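Undergrad: Quick note: the sequence shown uses our numbering, first residue 110, plus one each step.
Beta carbons: idealized from backbone N, C-alpha and C, even for Gly.
All values reported here derive from a predicted model rather than from experimental measurement.
Sharing a structure below in structure tokens format, with a few things to ask.
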Amino acid sequence: MSGNALIVSGERQITRDALTQRTRRAAAGFAALGIGPGDSVALLLRNEFAFLEASPAATLLGAYAVPINWHWKPEEVGYLLRDCAARVVVVHADLLPLLAEAPAGLTVLVVRTPPELAAAYGIRPAEQEQEVAGAQDWDAWLARHEVWDGAPQPARESMIYTSGTTGRPKGVRRQPPTPEEGAAVARNRARIYGLRPGMRSLLPGPLYHSAPNGFGLRSAQLADVLVLMPRFDPEEFLALVERHRIDTTFIVPTMMVRLLHLPEAVRQRYDLSSLRQATHAAAPCPPEVKRAMIAWWGPVLHEFYGATDLGAPTACDSHEWLRKPGTVGPPVDGAIVKIIGDDGQECATGVPGEIYAGCTMPDFTYHNRDDERRLVERAGLISVGDVGYLDAQGWLFLCDRKRDMVISGGVNIYPAEIEAVLIGVPGVLDCAVFGIPDAEYGEALCAAVCVVPGTTEAAIRTALKAQLANYKVPRLIEFHDQLPRDDSGKLLKRQLREPHWRGAGRAI
Numbered sequence: 110m111s112g113n114a115l116i117v118s119g120e121r122q123i124t125r126d127a128l129t130q131r132t133r134r135a136a137a138g139f140a141a142l143g144i145g146p147g148d149s150v151a152l153l154l155r156n157e158f159a160f161l162e163a164s165p166a167a168t169l170l171g172a173y174a175v176p177i178n179w180h181w182k183p184e185e186v187g188y189l190l191r192d193c194a195a196r197v198v199v200v201h202a203d204l205l206p207l208l209a210e211a212p213a214g215l216t217v218l219v220v221r222t223p224p225e226l227a228a229a230y231g232i233r234p235a236e237q238e239q240e241v242a243g244a245q246d247w248d249a250w251l252a253r254h255e256v257w258d259g260a261p262q263p264a265r266e267s268m269i270y271t272s273g274t275t276g277r278p279k280g281v282r283r284q285p286p287t288p289e290e291g292a293a294v295a296r297n298r299a300r301i302y303g304l305r306p307g308m309r310s311l312l313p314g315p316l317y318h319s320a321p322n323g324f325g326l327r328s329a330q331l332a333d334v335l336v337l338m339p340r341f342d343p344e345e346f347l348a349l350v351e352r353h354r355i356d357t358t359f360i361v362p363t364m365m366v367r368l369l370h371l372p373e374a375v376r377q378r379y380d381l382s383s384l385r386q387a388t389h390a391a392a393p394c395p396p397e398v399k400r401a402m403i404a405w406w407g408p409v410l411h412e413f414y415g416a417t418d419l420g421a422p423t424a425c426d427s428h429e430w431l432r433k434p435g436t437v438g439p440p441v442d443g444a445i446v447k448i449i450g451d452d453g454q455e456c457a458t459g460v461p462g463e464i465y466a467g468c469t470m471p472d473f474t475y476h477n478r479d480d481e482r483r484l485v486e487r488a489g490l491i492s493v494g495d496v497g498y499l500d501a502q503g504w505l506f507l508c509d510r511k512r513d514m515v516i517s518g519g520v521n522i523y524p525a526e527i528e529a530v531l532i533g534v535p536g537v538l539d540c541a542v543f544g545i546p547d548a549e550y551g552e553a554l555c556a557a558v559c560v561v562p563g564t565t566e567a568a569i570r571t572a573l574k575a576q577l578a579n580y581k582v583p584r585l586i587e588f589h590d591q592l593p594r595d596d597s598g599k600l601l602k603r604q605l606r607e608p609h610w611r612g613a614g615r616a617i
């Protein structure tokens, strides 16, 4: 691998050799602050070079890099910093206000917000250079330290905090892998993400999220070119693929929908022939969206099912998916997948139930919450609350999140099935289906949609009734300018449900 490989962000670039030198200076600086095995280094950073310096620097010392979702509020950020007992936080200057409730005694290292991020997020010049008392400039701090030359400690995965849809976010704290586990994880990630030496990769998703984090950190080690997008923009994505001859990327279904909504003339303007593998995950992908993407890009789409807590127990390529549309694949090497019903027994072929799985990842606990870790385990397999079924060949199909299932008049309804049809209705740009209180049936279906101007409720209902049983057609359709999603594309459905359930006496 060439040390002259490039990492690119906007108009800036850095060689791998230079990045490695800065990483080792950061490791020396962290060590001087007393950071060692099992400690936490928090990262409140958008996508840019400093993330790829600070995270591996923590890993060299056997510490946990702890990325923080910068969409959170100060109280949420303060909670995470206290929960993980971070000794130091590396933070972009414009995000400094999020440290308003940080614990005392925290070392704060400030990265000046670069121009490409300022442009992407509309950050004013004064915000790019913000300072707080006692904070140190990241570049100046690095320059004061020699290159760290100690023996690397057993490497720990980043401690990613789950999204917190069922309460306070939980830190997934994995043990260092054994040599056998490390080799198995590397093999599976190479297959799942298409990671290989010399790749030319593009990262459009946020590094604070689990899958982009793993893809980005490994790409920085292997790729001849790694391009970081400050923020996803569909046409800019296509332009970067063409400009840098990108062959490997990681996307989410929301990005696919936005790409497909580009005018045909724009879509055909860019040469995408270099693409070899585009991996997607993080949310269910409507079959019609995936079919359209394969028709456009060719059979380069790969998909996996997984979670921060779970790893990635299944995967499939485009050819496999086209044979079994809707599947998220068979178990990968060393993985086990079982479907368990409410009675605690394995479900028959084709019968939905809760997904329990295990794969070749080091064991984990939820930081400071061992009891909650035990609650999600059954016979060594883990559940994150997803519902699905296995076909006769043992391939996995997803239905929905268990907590998103709607029970209306005693009938189980999976909103993801309805959403997959709804996103294909002409004029619908984004959608979410969820349960709302109903005096007669307990719950009724509500659809929240973003649409092309002129799209009517009547047209949406007619299209849905042509493909779905009447009881699956939402009783209420709400029109929104935008649906709440994080930068990984994950729908924040709780925000849509909450106004309907407020005062109903039921947790949402």
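So residue 543 and residue 524 are in contact, right, with Cβ under 8 angstroms, and what is the actual spacing, rounded?
TA: About 6 angstroms; that satisfies the 8 angstroms criterion.
Undergrad: Please check the pair residue 367 and residue 229, which I expect to be a contact at CB under 8 angstroms, by giving their CB distance rounded to whole angstroms.
TA: That pair is no contact at about 15 angstroms.
Undergrad: Measure how close the beta-carbons of residue 349 and residue 338 come, nearest whole angstrom, since I'm counting them as under 8 angstroms.
TA: Indeed they touch by this definition, with Cβ atoms about 7 angstroms apart.
Undergrad: Residue 256 by DSSP, collapsed to three states: which one?
TA: Coil at residue 256, not helix or strand.
Undergrad: For residue 177, name the three-state secondary structure that DSSP assigns.
TA: In the structure shown, residue 177 sits in coil (DSSP, three-state: anything other than H, G, I, E or B).
Undergrad: Going by CA-CA distance only, name the one from 125, 169, 270 that's closest to residue 257.
TA: The shortest C-alpha separation from residue 257 is found at 169.
Undergrad: Tell me which residues share the same chain as residue 385 and place their Cβ nearer than 7 angstroms to its Cβ, disregarding the 5 neighbours each side in the sequence.
TA: Answer for residue 385: 303, 356, 357, 409, listed in chain order.
Undergrad: Classify residue 375 as buried or exposed, calling it buried when 16 or more other Cβ atoms lie within 10 Å of its own Cβ.
TA: Answer is exposed; the Cβ neighbour count stays below 16.
Undergrad: Exposed or buried, what is residue 588 when buried is set at 16 or more other beta-carbons lying within 10 Å of its beta-carbon?
TA: Classification of residue 588: exposed, given that the 10 Å Cβ count is below 16.
Undergrad: When you compare only the Cα positions, how much space is there between residue 146 and residue 346?
TA: If I take the Cα positions, the gap works out to 38 angstroms.
Undergrad: Taking residue 562 as the reference, give the member of 590, 250, 554 with the closest Cα.
TA: Checking every option, the nearest Cα to that of residue 562 belongs to 590.
Undergrad: Strictly by DSSP, which residues pair up with residue 208?
TA: Residue 208 pairs with nothing; no bridge assigned.
Undergrad: Of the choices 249, 430, 234, 278, whose alpha-carbon is the least far from that of residue 222?
TA: Of the candidates 249, 430, 234, 278, the one whose C-alpha sits nearest the C-alpha of residue 222 is 234.
Undergrad: Checking the sheet assignment: what are the DSSP bridge partners for residue 245?
TA: Paired residues: 218.
Undergrad: For residue 136 and residue 512, what's the separation of their Cα atoms in angstroms?
TA: C-alpha separation (whole angstroms): 42 angstroms.
Undergrad: For residue 138, I'd like the list of residues in its chain whose CB is within less than 7 angstroms of its CB, leaving aside the five on either flank, ordered along the chain.
TA: These residues qualify, in order along the chain: 250, 251, 254.
Undergrad: What are the complete beta strand (DSSP E) segments, minimum 3 residues, inside the segment 375-461?
TA: Runs found: 386-389, 410-416, 420-425, 436-438, 445-449.
Undergrad: Mind checking residue 156: buried by the 16 CB within 10 Å criterion, or exposed?
TA: Its Cβ being crowded by 16 or more others within 10 Å, residue 156 is buried.
Undergrad: Under 9 angstroms between the Cβ atoms of residue 422 and residue 457?
TA: Taking 9 angstroms as the Cβ cut-off, residue 422 and residue 457 do not qualify as a contacting pair.
Undergrad: What's the call for residue 516, buried or exposed, on a 16-neighbour Cβ count within 10 Å?
TA: That one is exposed.
Undergrad: Are the segment 149-163 and the segment 287-300 touching, with three or more C-beta to C-beta distances below 8 angstroms?
TA: They do not touch, by the three-pair rule.
Undergrad: Could you tell me whether the segment 491-507 touches the segment 311-328, using the rule of 3 or more Cβ pairs below 8 angstroms?
TA: These segments do not touch.
Undergrad: Taking the C-alpha atoms as reference points, what is the distance between residue 551 and residue 574?
TA: About 22 angstroms.
Undergrad: Please report how far the alpha carbon of residue 299 lies from the alpha carbon of residue 370, in whole angstroms.
TA: Approximately 31 angstroms between the Cα atoms of the pair.
Undergrad: Quick check: residue 389 and residue 362, are their CB atoms within less than 9 angstroms of each other?
TA: It is a contact, given that the beta carbons lie within the stated cut-off.
Undergrad: Is the beta carbon of residue 314 less than 9 angstroms from the beta carbon of residue 519?
TA: No, these two residues do not count as a Cβ contact at 9 angstroms.
Undergrad: What does the alpha-carbon distance come out to for the pair residue 167 and residue 580?
TA: If I take the Cα positions, the gap works out to 53 angstroms.
Undergrad: Give, in chain order, every unbroken run of the beta strand (DSSP E) that is at least 3 residues long and sits entirely within the segment 547-582.
TA: Here the runs fully enclosed are 551-560.
Undergrad: Please name the residue, chosen from 281, 606, 289, 399, that lies closest to residue 98 on a Cα-to-Cα basis.
TA: The structure shown does not extend to residue 98, since the chain spans only 110 to 617, so no value can be given for it.
Undergrad: Starting from the C-beta of residue 191, find all residues in its chain whose C-beta is less than 8 angstroms away, skip the five residues before and the five after it, and write them out in chain order.
TA: Taken in chain order, the residues that qualify are 212.
Undergrad: Could you give the DSSP three-state label for residue 116: helix, strand or coil?
TA: Note: residue 116 maps to strand in three-state DSSP.
Undergrad: Could you check how far apart the C-beta atoms of residue 164 and residue 326 are, in whole angstroms? I think they sit under 8 angstroms.
TA: Correct: roughly 6 angstroms between the Cβ atoms.
Undergrad: Mark residue 565 as exposed unless 16 or more other C-beta atoms lie within 10 angstroms of its C-beta, in which case mark it buried.
TA: Per the 10 Å Cβ criterion, exposed.
Undergrad: Where does the unbroken beta strand (DSSP E) through residue 151 begin, and where does it stop?
TA: 149-153 is the span of the beta strand (DSSP E), which, as asked, contains residue 151.
Undergrad: Between the C-alpha atoms of residue 382 and residue 259, what's the straight-line distance to the nearest angstrom?
TA: If you take the alpha carbons of residue 382 and residue 259, they lie about 44 angstroms apart.
Undergrad: Just curious, the alpha helix (DSSP H) that residue 129 is in, first and last residue?
TA: That run of the alpha helix (DSSP H) goes 125-141.
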